[in-house]
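Heads up, the sequence shown is in full-length UniProt numbering, so the first residue is 1 and it goes up one at a time. Ideal Cβ positions, reconstructed from N, Cα and C, are used throughout, including at glycine. Predicted, not measured: the structure shown is a model, and the values here were computed from it. For reference, the structure discussed in these notes is given below.
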Amino acid sequence: MAIIERTADIAASVQQVYRASQDYAVRYQWDPFPERIEVVAGDPERLSIGTRVLVRSKLGMRMLVEFVQVKPPTHAAIVMIDGPWFLAKFAGSWVFEASAASRTAARFRYSIFVRPAFARWIIEPLAIRYFADVVERRLAGLKAYCERLGDDPMPSI
């Protein structure tokens, strides 16, 4: 199993960063990864443990995930229920901690386990590179979005 973890220091409150990260109404404004996000089980306005979300990436990769931890405004974690052929397991967590007044340390962590076993030696490094790039671009997008909003508690859509 491989772990991909990246952090970013964001000049915004923990509440604002968490809200932007989990509000699917504004997600497309900052997140470069998804082409489409659809809540297929649970309340799209109030994410909770057990909420299932279907995500389609801009590259066409499809993944059904389920929230296993939701602790506003500091934690959200998912596991893959169904996904691309090369992923046996996938889990992700987004953690937000106040680092100073109106500053947030955002940490995105992905755990991946690739398949098939006989090709893991070639697939895993490629998957690590891909997901590391995805995490870095997502964090950069979230940082730019939140810092552009300033102290606006309700981002306009």
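With a contact defined as Cβ atoms closer than 8 Å, Phe108 and Arg6 qualify at about 6 Å. Residue burial annotation: Asp31 is buried, with at least 16 other C-beta atoms found within 10 angstroms of its C-beta. When the Cα atoms are used, Tyr110 and Pro44 turn out to be separated by approximately 23 Å. When the five nearest sequence neighbours on each side are left out, the beta carbons in the same chain lying within less than 7 Å of the beta carbon of Glu35 are those of Arg56, Ser57, Lys58, in order along the chain. At the C-beta level, Phe86 and Ile78 stay beyond 8 Å of one another. Collapsing the DSSP output to three states places Arg109 in a strand. The straight-line gap separating the alpha-carbon atoms of Trp94 and Pro116 is approximately 27 Å. Under the three-state reduction of DSSP output, Pro125 falls in the helix class.
Here Arg138 carries a helix assignment [DSSP, helix/strand/coil].
Nearest in C-alpha terms to Ile3, of all of Leu149, Thr104, Arg120, Phe90, is Phe90. Take the alpha-carbon of Val65 and the one of Ala101: they are about 33 Å apart. CA-CA distance, Ala119 to Met63, rounds to 21 Å. Per DSSP, Ala77 is one residue of the beta strand (DSSP E) stretching across 75-82. Inclusion of Val40 and Thr104 in the CB contact set at 8 Å is not warranted, their separation being larger than that value. Under the DSSP definition of a beta bridge, Glu147 lacks any partner.
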